[in-house]
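Position 366 of the sequence shown, counting from 1, maps to 1737 under this note's numbering, and the rest follow consecutively. Okay, so here's the structure we're looking at.
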Amino acid sequence: MENKIKNTGTATVTIGKDSYDLPIYQGSMGAPGIDVRSLYKQSGHFTFDPGYTSTCSTESQITFINGGEGQLLYRGYPIEQLAEKSTFLEVAYLLINGELPKREEFQNFSESITKHTMLHDSVENFFHGFRRDAHPMAMVCGTVGALSGFYHDDAHTTKDEARDIAIHRLIAKMPTIAARAYKYSVGQPHVYPTNSMSYAENFLNMCFSVPAEKYTVSPTIIRAMDKIFILHADHEQNASTSTVRLAGSSGANPYACIAAGVACLWGPSHGGANEACLNMLREIGTVDRIPEFIARAKDKSDPFRLMGFGHRVYKNFDPRSRVMQKVAHEVLDELDLNDPILDIAKELEKIALEDEYFVSKKLYPNVDFYSGIVLNALGFPTSMFTVLFALARTVGWISQWNEMLEDPTQRIGRPRQLYSGAVSRDYLDVDDRA
Ligand code: SDX
1372 MENKIKNTGT ATVTIGKDSY DLPIYQGSMG APGIDVRSLY KQSGHFTFDP GYTSTCSTES
1432 QITFINGGEG QLLYRGYPIE QLAEKSTFLE VAYLLINGEL PKREEFQNFS ESITKHTMLH
1492 DSVENFFHGF RRDAHPMAMV CGTVGALSGF YHDDAHTTKD EARDIAIHRL IAKMPTIAAR
1552 AYKYSVGQPH VYPTNSMSYA ENFLNMCFSV PAEKYTVSPT IIRAMDKIFI LHADHEQNAS
1612 TSTVRLAGSS GANPYACIAA GVACLWGPSH GGANEACLNM LREIGTVDRI PEFIARAKDK
1672 SDPFRLMGFG HRVYKNFDPR SRVMQKVAHE VLDELDLNDP ILDIAKELEK IALEDEYFVS
1732 KKLYPNVDFY SGIVLNALGF PTSMFTVLFA LARTVGWISQ WNEMLEDPTQ RIGRPRQLYS
1792 GAVSRDYLDV DDRA
């Protein structure tokens, strides 16, 4: 990765009688940033930004979000165009390499991914160590972390050729692991990958086919699954991607880094929101109960939040939620399903977007608001929703991990703190303690 941010000026920080000049850097799009790397050395002061609301952790050329405009670009291409015209594997190539692949480049990439879809047979024993009622995310998190125990040749090095094979193995094996977790949780025999199928079709087949009968799935459903993966592929320096980068900054192996990303994504404030959102819509149950939940979401004394609403960056529509709403209609029409939950979701969205609280706080539906409805219609239990998010986001995580390793300015991430604990004091023997 070539560093391309440009120094466009100077910020001056004045502390008491002293002033400190800090360079301002500008990327190709988005807000500029004040480089505070020398601030502590110059002034003895840290910056303080819990939650990183005003902090850039890195330079990146992969994904750009304009939160005010509801814009999301993968390597400069609008998410709406990629969802409509591309495929998940092509988007994976784009995120990793920076350009859309030529025909032969994609052929080679796709073949390499296909050749790595199977799991080491000993992973089978690993799965049988879980309880049948273990959350699929627990199985995925554990299994991904354990992969470095099966693939030594690429796990303990960050050299280029080993990195490429680790990247391809992770993209190829995540659907197999995800489907394996689902089959184990429903007590069905696992289904091996079928290399003649497309990425999305193979995943659906591994999840829903059973030895007792032939499984067929419509091209519309396969396409919907592929679009859902595209929508979830990457999203700048979100919590789980930042986790992957921080783990990678110590030189941890790629499997351990992705497992760390899976763990972080699981939280209901992040990737776990799709599961939480569908559970919330089911709890609402009928349109006439919506005002009760809107009131709870606005009540500061109530920890309840409207799942699938709000975003740290988007202060306008999350463009993914608009595409996802269209996919929801496509899937429900194709399956001839009339899910009342979709009516509740649309009414909830309408009411919330007319409510002063949500308008003033710029809270819009995010990617998780409609995804649960689609995934439910496709036949996935809510416990699998975040697993699907992790499957797709593995492409973004591994692209960001790869970019970090190629960044000449990369160092181990080690934030500081403002300490407010006990000041230095001497040990007290037990009989001298008050
Ligand atoms: C994802 O970062 C990414 O890019 C994430 C993601 C990705 O692709 O990687 O986009 C995926 O995680 C989407 C977000 C999924 N999470 C949810 O849907 C959970 C519900 N949303 C909230 O928990 C919240 O909106 C967050 C966590 C998404 C964002 O939190 P922030 O940016 O820290 O915002 P905040 O908590 O400071 O909220 C600002 C105000 C607060 O009110 P005040 O204290 O200012 O009075 O808005 C309120 C909040 O109480 N608020 C909500 C709300 N979200 C924010 N109130 C009710 N319901 C909500 N959903």
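Even glycine gets a Cβ: it sits at the ideal position worked out from N, Cα and C.
Do Y1391 and T1379 have their C-beta atoms closer together than 8 Å?
For Y1391 and T1379, no; Cβs fall outside 8 Å.
heavy atom of ligand 1 below 7 Å from V1511 C-beta
No, the Cβ of V1511 stays beyond 7 Å of every heavy atom of ligand 1.
I want to know whether the stretch 1620-1629 touches the stretch 1726-1733 - three or more CB-CB distances under 8 Å.
Contact fails: fewer than three Cβ-Cβ distances are below 8 Å.
Could you pull out every unbroken alpha helix (DSSP H) segment of at least 4 residues lying fully inside the stretch 1732-1771, listed in chain order?
Entirely contained in the stretch 1732-1771, the alpha helix (DSSP H) runs reaching 4 residues are, in chain order, 1739-1749.
Inter-residue Cα distance where the pair is M1568 and V1588
Rounded to the nearest whole angstrom, the CA to CA distance from M1568 to V1588 is 12 Å.
Taking 8 Å as the cut-off, decide whether the C-beta atoms of N1645 and F1760 are in contact.
Between N1645 and F1760, the gap from beta carbon to beta carbon is short of 8 Å.
Ends of the beta strand (DSSP E) at F1435?
Note, F1435: beta strand (DSSP E), T1434 to N1437.
In its own chain, which residues sit with a C-beta less than 7 Å from the C-beta of A1634, not counting the 5 before and 5 after it?
Counting only Cβ-Cβ distances below 7 Å, and skipping sequence neighbours, we find C1512.
What's the gap between the Cα of F1477 and the Cα of E1451?
So the two alpha carbons sit approximately 21 Å from each other.
With Y1741 and A1763 assumed to form a contact (beta carbons below 8 Å), what rounded beta-carbon distance in angstroms separates them?
Separation of the CB atoms of Y1741 and A1763 is rounded to 15 Å, and the pair is thereby denied contact status at 8 Å.
Between L1617 and L1649, what straight-line distance do the alpha-carbon atoms span, to the nearest angstrom?
The straight-line gap from Cα to Cα measures roughly 31 Å.
Proximity below 8 Å, CB of I1599 to CB of V1766:
Contact flag unset, no.
What do you reckon, are the CB atoms on I1343 and Q1442 nearer than 8 Å?
The question about residue 1343 has no answer, for the chain in this structure spans 1372 to 1805.
Contact set for M1577: own chain, Cβ-Cβ below 6 Å, skip 5 residues either direction
The residues A1550 and V1562, in chain order, have a CB closer than 6 Å to that of M1577 in the same chain once the five nearest residues on each side in sequence are set aside.
Please list the segments of the alpha helix (DSSP H) lying wholly inside the stretch 1486-1525, counting only runs of 4 or more residues, in order along the chain.
Fully enclosed alpha helix (DSSP H) runs of no fewer than 4 residues occupy 1494-1498 and 1507-1517 of the stretch 1486-1525, in order along the chain.
Taking the CB atoms as reference points, tell me whether A1463 and V1694 lie closer together than 8 Å.
Result no, Cβ atoms of A1463 and V1694 do not sit closer than 8 Å.
Please list, in chain order, all residues of the same chain as K1554 whose beta carbon is under 6 Å from its beta carbon, the five residues on each side excluded.
Cβ neighbours of K1554 beyond the five flanking positions: H1561.
Would T1514 be called buried (16 or more neighbouring beta carbons within 10 Å of its own) or exposed?
The residue in question, T1514, is buried, as its Cβ has 16 or more Cβ neighbours within 10 Å.
Pick out the complete alpha helix (DSSP H) segments inside the stretch 1442-1479, 4 residues or longer, and give them in chain order.
If we require 4 residues or more, the alpha helix (DSSP H) runs fully inside the stretch 1442-1479 come out as 1450-1456 and 1459-1468.
Beta-carbon proximity check, A1595 vs V1698, cutoff 8 Å:
Less than 8 Å divides the Cβ of A1595 from the Cβ of V1698.
In chain order, what are the residue ranges of uninterrupted alpha helix (DSSP H) at least 4 long that sit wholly in the stretch 1602-1649?
Contiguous alpha helix (DSSP H) elements confined to the stretch 1602-1649 occur at 1610-1620 and 1625-1636, taking only those with 4 or more residues.
Whole-angstrom distance between I1592 and Q1696, CA atom to CA atom:
Q1696 and I1592: Cα-Cα distance of roughly 15 Å.
If you draw a straight line from the C-alpha of G1438 to the C-alpha of D1689, how long is it?
Roughly 8 Å separates the two Cα atoms.
My assumption, with CB atoms under 8 Å, is that H1487 sits in contact with K1544. Please give the rounded CB distance.
Right, their Cβ atoms sit about 6 Å apart.
First through last residue of the alpha helix (DSSP H) which encompasses K1544:
Taken as a continuous stretch (DSSP letters only), the alpha helix (DSSP H) holding K1544 covers D1531 to S1556.
So M1755 and P1564 are supposed to be a Cβ contact under 8 Å. How far apart are they, rounded?
The beta-carbon distance between M1755 and P1564, rounded to whole angstroms, is 18 Å. This is too long to meet the 8 Å contact definition.
For P1394, which beta-bridge partners are listed by DSSP?
Per DSSP, T1381.
Helix, strand or coil for E1584? Go by DSSP, reduced to three states.
E1584 falls in the strand class under three-state DSSP.
Can you list, in chain order, the residues of its chain whose CB lies under 7 Å from that of D1420, leaving out five sequence neighbours each side?
Cβ neighbours of D1420 beyond the five flanking positions: T1426.
Is it buried or exposed, A1748, if we count other Cβ atoms within 10 angstroms and call 16 or more buried?
Answer is buried; the Cβ neighbour count reaches 16.
P1786 - containing alpha helix (DSSP H), residue span
From DSSP, P1786 is part of no alpha helix (DSSP H); its letter is neither H nor E.
Name the DSSP beta bridge partners of F1680, please?
Within the DSSP bridge table, the entry for F1680 names P1736 as partners.
Beta-carbon within less than 8 Å of G1681's beta-carbon, same chain only, minus the 5 sequence neighbours each way: which residues are those?
Excluding residues within five positions, the ones whose Cβ falls inside 8 Å are K1732, L1734, Y1735 and N1737.
Quick test of your reading: D1538 and L1490, contact by CB under 8 Å. State the CB separation rounded to the nearest angstrom.
Sequence check: residue 1538 is Ile here, not Asp. Contact doesn't hold; Cβ gap of about 17 Å is too wide.
In three-state terms, what does DSSP make of D1389?
Three-state DSSP puts D1389 in a strand.
C-beta contact flag for Q1771 and V1658 at 8 Å:
For Q1771 and V1658, no; Cβs fall outside 8 Å.
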